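Chemist: Handing you a structure now.
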Amino acid sequence: MRRDRFKSLTLFFSILFLIFSALFVYELFAASSLTWSRLGIAFIFGRRWDPLKGAYGALPFIYGTIVSSTFALIAAAILGLGVAIFLSEISPKGLRELLSAIVELIAAIPSVIIGLWGIFVLVPLVRASLQPALAPLSFIPLFSGGSPSGLSMLAAIIVLSFMITPIVATVAKDCLLMVPQELKEAAYGLGARRYEVIRHVSIPYAKNGILGGLILGYGRAIGETMAVTMVIGSSYIISPSLLSPAHTMAAVLANEFAEATDSLYLSSLTAIALLLILISFLINLAGRSVVLRWKRAAR
Amino acid sequence: MEKGRKVKDWLLSAFSILSVAAVVSPLIHIISTTAMNGLRSIDLTFLTSLPKPPGESGGGIAHAIQGSMILMALTMAISIPTSLMIAIYLAEYRDRGFGAILEVVNDALIGTPSIVAGVFVYSFMVLRYGFSALAGAMALSILAIPNMVRIFEGAIELVPFDLRMAGLSLGAAKWRVIVHIVLSAAMPSIASGILLVLARAMGETAPLLFTAFGSNGFAYDIFHPVSAIPLVIYVYATSPYADWHGKAWGAALILMLLVLAINLVVKYGLRERR
Amino acid sequence: MGVSKRTAMAGAILVLAIIAGAFFTFQRPASQPQPTSTTQATTAEPALGKRVAIQGAGASFPYPLISKWAQEYDALTKGMVAINYQSIGSGGGIKQVSERTIDFGASDAPLMPDEAKRAPGLLHIPEAVGAVVLAYNLPGLSGRLKLSGDIIADMYLGKIAKWNDPMMASMNEGMALPDKEIVLVKRSDSSGTTFIFTDYLSAVSGEWMRSVGRGKVFNYPGAVGARGIQAKGNEGVTAIVKQTPYAIGYVELTYALQNNVPYALIKNKAGRFVEANFETIANAASAAAPKLPKGDEPWDKVSIVDAEGEASYPISSFTYLLVHKDLSYMDKGKAQALVGFLRWAVTEGQKYCKDLYYVPLPAEVQRLDLETISMIGK
């Protein structure tokens, strides 16, 4: 029967896809097995990455990834929410369309172009203006020391914030717009002001959806490669200061993967790739399910 | 008491307006810097010549433009049929357990970090067959397919049930209904999906670093390395040569215009219908 | 929401037309306008029917030179032999040629025993001589910085932290060195340039030898702290030094000269401060020439750093092309073309060295290379 044949065709591609995905995960496990067997879990907590001496510890990169993404998330949460509130509650309808489109456009800019701008505009700015401006705060470990070139965790945080704010803003805006009009009108009817309606009605209602947006943004930040690689400074040293250069899991892969000559080196890099994708998977799945569940409930 | 509420209200408005400004101004700065610096470098030579050795001025990025086009063509050739088939399965033929597994795996792969796609294709393909445009396209497809499947599936599911019913009641076989009726109806959304994913793939650099690898001349064939616009941006931006920096901005301008144009067409192409 | 059918159709046709155009430019021979020198019909242009693409990758050290060769050879063979070279660092070059994902590799560091074991049959073919210089960014400094091996070692060990440190001042009397921290730049990737640099430091500083040693990578000792930066490739290090005030980094001479970055005079073994130039580098190389191993023997002991001679530059090095002796895995036409290119590079190609600030091979080394190339079985 023709129908079965067409279904078989679609099934064929689907099975192929699943086999390929399984291969994907398997290959990553297999290629990194040397590191896991020889170094074990200690690999994740090892502070020292020294290919010359054969010491491999992924902590500098895990630290850099988590710190840069977390600070970026905080910034994106604040700004993203502000943008979402403006778009959903304050702006007139025409402007909303235009501004939403502009905000979404930010997410469309290729990462390497943001990295390009980062190298020639942001990094000199960090070096020449931001660092000196933060100097009086240098008694706080977070702002101590510095990066003489401007390549720093701070620069990476700034580019990441810029890149993930549109995600947070768009999801938050969509969720806020789904708050039932009746609820808001009831609150206004009781004499509430806009701030109170937003704070006590809209946001609590949209809370889980917004949370989903934050999680998705976090997932994007963790996997971000080019813009971060170009501005973070590639340093193996774990420093408490945001002004110091740092490294991330994605950046070390971009920099060192093509040249890892010995097996343990290559295996360790693949192990980092494995960790990166596992973390990404989990965060994205979590984010997606939170958003979906909220959207379904909100309808 | 009343004053406090008024102030909070005002503060919120101010905060949200400032947020918009804080988010939009870097965007404007990036676009204007790219435009100003890029325009200085773009001319006919830039678009049609091959690069010169480092240290010499002149030359262009014709190889990168060609490379990007080849990579896009290959990626689309691999991704579109595959994604369409998987999406049709999920939307029309889905079996209980298998469908659920497929959906979960697809959702998981959507967030794949782009560099990891490159790492996998390197281990899997490049170590056996060398660097090639095909390997680059494979890496890009790993990123493109999950996104396309999601968009296509959504588009197909949105086609009204009545349309299918009408087709089936006229005696058409299910597969005919899908191919001729459902897909036609979903085509505008499918086309937008393709364009959006294409725009993203065009700007990807990380997956190409150790798959397509880069080249200094025109592509030899799809089994050899090729250059790409985002690759030259990366290489030129991190080099010390002022001439190359200018070229990086020029390439960035071209890429940005392409990406923005595609996104705008998708968003506003709808107007034509009305 | 989506595009209208007509727009989609028009767009699709346009895109397909452009892509078709792209594929039609595939087999374009003779891609570049006139080469910079007159082409004479000389050694080995392979009489091939089909266009050949040769893939090379590796060191950034000789990248400007190999890139120039690619351009000239393409013109010489009228587009029949296209050479594509990617600068990914010596470590990358060794790795990829060992895996046979590329046709030839380039590295300034010779293969270490374990690397040679993993890829037996890789031949070393030195193709030029170059130098590693200490490029610096000292705004407003008049005059040329002078450094010695042990001072450089102490800088990179973190023991000398400021430009106006007494040891620096005593070597550079009369110069107003600023009261600023030294910003150190090194390579983040696996680098032959780093190998040459650390080889030199190991030769002149016992402490460096003990605590760091020589290698294609090294980590900054703890004392350096946030003053230490890494960058990818000679390109990256040069860019950072150029853009960062009070920075110093080790780069290949060509990069410093092409980008107008000042570099230091170094005290050589004979006690003289020399600048890296044609003469001083050639002097360092000629002393070593008679003692080089054969192409298929181990080269890990080869080193011309800290060479003898009043006018020898102490941080010089050969840079090597790496090719498999047994090219049977390669397509025959390509193998022939590769051998032809290699032969041309070590003979005719040497005339392009000088303009790019590399030193051409001494005659004995050229002879050695031709012998090695003839070892390549087809």
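These protein sequences, in sequence, are chains A, B and C. My numbering applies: residue 73 is where the first sequence begins, and numbers increase by one. My numbering applies: residue 9 is where the second sequence begins, and numbers increase by one. My numbering applies: residue 676 is where the third sequence begins, and numbers increase by one. Note that the Cβ used here is the ideal one computed from N, Cα and C, for glycine as well. Small disclaimer: the values here were computed from a predicted structure and weren't measured.
Which same chain residues end up closer than 8 Å to A:Phe133 when comparing Cβ atoms and leaving out the 5 residues on each side of it in sequence?
Modeler: Translated into the one-based positions of the first sequence, residue 133 of chain A becomes position 61. Taken in chain order, the residues that qualify are Trp121, His319, Thr320, Met321, Ala323, Val324, Ile344.
Chemist: Of all the CB atoms in chain C, is at least one closer than 9 Å to the CB of B:Pro297?
Modeler: The first residue shown for chain B is 9 and the last is 282, placing residue 297 of chain B beyond what the model contains.
Chemist: Let me make sure I understand the geometry here. Which of C:Ala750, C:Ala803, C:Leu797 has the alpha-carbon closest to that of C:Val1021?
Modeler: Residue 1021 of chain C sits at position 346 when you count from the first residue of the third sequence. The shortest C-alpha separation from C:Val1021 is found at C:Ala803.
Chemist: Compare the C-beta of A:Val198 with all C-beta atoms of chain B and state if any pair is closer than 9 Å.
Modeler: Locating residue 198 of chain A in the first sequence gives position 126, where the first residue counts as 1. False, the Cβ-Cβ gap to chain B never drops below 9 Å.
Chemist: Within the stretch 207 to 253 of chain B, note down every full alpha helix (DSSP H) run reaching 4 residues or more, in order along the chain.
Modeler: Those alpha helix (DSSP H) runs which fall completely within the stretch 207 to 253 of chain B and span 4+ residues are 237 to 245.
Chemist: Does DSSP put C:Asn759 in a helix, in a strand, or in coil?
Modeler: The residue you call residue 759 of chain C lines up with position 84 of the third sequence. Looking at C:Asn759 - three-state DSSP - the assignment turns out to be strand.
Chemist: Assign C:Lys855 to one of three DSSP states: helix, strand, or coil.
Modeler: Within the third sequence, residue 855 of chain C is the residue found at index 180, counting from 1. Of the three classes helix, strand and coil, the one that applies to C:Lys855 here is coil, per DSSP.
Chemist: Which full runs of the alpha helix (DSSP H) of 4+ residues lie inside the stretch 89 to 133 of chain A, going along the chain?
Modeler: List check, alpha helix (DSSP H) in window: 114 to 117.
Chemist: Along chain A, which residues have their Cβ under 7 Å away from the Cβ of C:Thr919?
Modeler: Start at 1 with the first residue of the third sequence, and residue 919 of chain C comes out as number 244. Under the 7 Å cutoff, chain A gives Pro220, Ser221.
Chemist: Tell me whether B:Arg102 sits in a helix, a strand or coil according to DSSP, three-state version.
Modeler: As a working note, residue 102 of chain B is residue 94 in the second sequence. Three-state DSSP puts B:Arg102 in coil, outside helix and strand.
Chemist: If you pair each beta-carbon of the stretch 284 to 302 of chain A with each one of the stretch 186 to 203 of chain A, do three or more pairs fall below 8 Å?
Modeler: Verdict: yes, contact present.
Chemist: Out of curiosity, what's the CA-to-CA distance linking B:Val167 and A:Gln253?
Modeler: Mapped onto the second sequence, residue 167 of chain B falls at position 159. Mapped onto the first sequence, residue 253 of chain A falls at position 181. About 28 Å.
Chemist: On the criterion of 16 or more Cβ atoms from any shown chain inside 10 Å, does C:Thr869 qualify as buried, or is it exposed?
Modeler: Along the third sequence, one-based indexing puts residue 869 of chain C at 194. Flag for C:Thr869 reads buried.
Chemist: Answer yes or no: do B:Ala207 and B:Asn155 have a C-beta to C-beta separation smaller than 9 Å?
Modeler: As a working note, residue 207 of chain B is residue 199 in the second sequence. As a working note, residue 155 of chain B is residue 147 in the second sequence. The answer is no: Cβ separation not under 9 Å.
Chemist: I'd like to know if the stretch 213 to 233 of chain A and the stretch 140 to 156 of chain A are in contact, where contact means that at least 3 CB-CB pairs between them fall below 8 Å.
Modeler: Yes: the two stretches touch, three or more of their Cβ pairs being nearer than 8 Å.
Chemist: Let me know the beta strand (DSSP E) ranges lying completely inside the stretch 54 to 80 of chain B, each 3 residues or longer, listed in chain order.
Modeler: List check, beta strand (DSSP E) in window: nothing returned.
Chemist: Which ranges does the alpha helix (DSSP H) cover as unbroken runs of at least 4 residues, wholly within the stretch 752 to 820 of chain C, from first to last along the chain?
Modeler: Here the runs fully enclosed are 765 to 773, 788 to 793.
Chemist: Name the residue from A:Ile212, A:Leu202, A:Leu232 whose alpha carbon lies nearest to the alpha carbon of A:Pro220.
Modeler: Numbered from its first residue, the first sequence carries residue 220 of chain A at position 148. With distances taken between Cα atoms, A:Pro220 lies closest to A:Leu202.
Chemist: Below 9 Å between beta carbons: does that hold for B:Phe219 and B:Pro238?
Modeler: Taking the second sequence and counting its residues from 1, the one referred to as residue 219 of chain B is at position 211. Taking the second sequence and counting its residues from 1, the one referred to as residue 238 of chain B is at position 230. Looking at the sequence provided, one finds Thr at residue 219 of chain B rather than Phe. Contact: no.
Chemist: Is the separation between the beta-carbon of A:Phe96 and that of B:Phe128 shorter than 9 Å?
Modeler: Taking the first residue of the first sequence as 1, we reach residue 96 of chain A at position 24. Taking the first residue of the second sequence as 1, we reach residue 128 of chain B at position 120. Yes, the Cβ-Cβ distance between A:Phe96 and B:Phe128 is below 9 Å.
Chemist: Assuming the contact rule is C-beta atoms closer than 8 Å, B:Ala245 and A:Gly187 should be a hit. Round their C-beta distance to whole Å, please.
Modeler: Taking the first residue of the second sequence as position 1, residue 245 of chain B is located at position 237. Taking the first residue of the first sequence as position 1, residue 187 of chain A is located at position 115. Between A:Gly187 and B:Ala245 the Cβ distance is about 7 Å, and since that is below 8 Å, they are a contact.
Chemist: Taking a cut of 8 Å between CB atoms, which residues from the stretch 239 to 269 of chain B lie near chain A?
Modeler: Against chain A - using a Cβ distance shorter than 8 Å - the residues of the stretch 239 to 269 of chain B are Ile241, Tyr242, Ala245, Thr246, His253, Ala256, Trp257, Ala260, Leu263, Met264, Val267, Leu268.
Chemist: Relative to chain C, which residues along the stretch 322 to 341 of chain A have a C-beta separation below 8 Å, given in chain order?
Modeler: If the cut-off is 8 Å between Cβ atoms, the stretch 322 to 341 of chain A has Asn327, Glu328, Ala330, Glu331, Ala332, Thr333, Asp334 near chain C.
Chemist: Establish whether the CB of A:Ser313 and some CB of chain C are separated by less than 9 Å.
Modeler: To locate residue 313 of chain A, count along the first sequence from 1; it is residue 241. Chain C contact via Cβ: present.
Chemist: List, from N- to C-terminal side, the beta strand (DSSP E) runs of 3 residues or more that fit wholly inside the stretch 909 to 957 of chain C.
Modeler: Runs found: 922 to 927, 940 to 942.
Chemist: Check for me: the alpha helix (DSSP H) holding C:Tyr875 runs from which residue to which?
Modeler: If you number the third sequence from 1, residue 875 of chain C lands on position 200. That run of the alpha helix (DSSP H) goes 867 to 879.
Chemist: For B:Tyr137, which residues of its own chain have a beta-carbon under 8 Å away from its beta-carbon, when the five flanking residues on both sides are left out?
Modeler: Here residue 137 of chain B refers to the residue found at position 129 of the second sequence. Same-chain partners within the cutoff: Ala143, Phe231.
Chemist: Can a CB atom of chain C be found closer than 9 Å to the CB of B:Val134?
Modeler: Counting from 1 along the second sequence, the entry for residue 134 of chain B is found at position 126. Closer than 9 Å to some Cβ of chain C, the Cβ of B:Val134 qualifies, so yes.
Chemist: Between C:Asp975 and the rest of its own chain, which residues show a CB-CB distance below 7 Å, the 5 nearest in sequence each way excluded?
Modeler: What you label residue 975 of chain C is simply residue 300 of the third sequence in a count that begins at 1. The residues are Pro785, Leu786, Met787, Pro788.
Chemist: Determine the DSSP secondary structure at A:His319, reduced to helix, strand or coil.
Modeler: Counted from its first residue, the first sequence places residue 319 of chain A at position 247. A:His319: coil per DSSP, three-state reduction.
Chemist: Closest Cβ-Cβ distance between A:Leu124 and chain C: below 9 Å?
Modeler: Position 52 of the first sequence, counted from the start, is the residue given in the question as residue 124 of chain A. Taking Cβ atoms only, chain C reaches closer than 9 Å to A:Leu124, which makes this a yes.
Chemist: Taking all protein chains shown into account, decide if B:Lys14 is buried (16 or more other Cβ within 10 angstroms of its Cβ) or exposed.
Modeler: Start at 1 with the first residue of the second sequence, and residue 14 of chain B comes out as number 6. Exposed, since its Cβ has fewer than 16 Cβ neighbours within 10 Å.
Chemist: Nearest by alpha-carbon distance to B:Tyr228: which of B:Ile78, B:Lys11, B:Gly68, B:Phe54 is it?
Modeler: Locating residue 228 of chain B in the second sequence gives position 220, where the first residue counts as 1. Residue B:Ile78 is the option with its Cα nearest to B:Tyr228.
Chemist: Given 8 Å as the limit, tell me if A:Pro238 has its C-beta closer than that to any heavy atom belonging to the ligand GDP.
Modeler: Summarising the ligand content, the structure contains no ligands, and the ligand GDP is consequently not present.
Chemist: Given a cut-off of 9 Å on the beta-carbon distance, is the pair C:Gly984 and C:Asn958 in contact?
Modeler: Here the question's residue 984 of chain C lines up with position 309 in the third sequence. Here the question's residue 958 of chain C lines up with position 283 in the third sequence. Their beta carbons are under 9 Å apart, which means C:Gly984 touches C:Asn958 by this criterion.
Chemist: According to DSSP, is B:Val167 part of a helix, a strand, or is it coil?
Modeler: Counting from one through the second sequence, the residue named residue 167 of chain B turns up at place 159. The answer is coil: DSSP assigns B:Val167 none of H, G, I, E or B.
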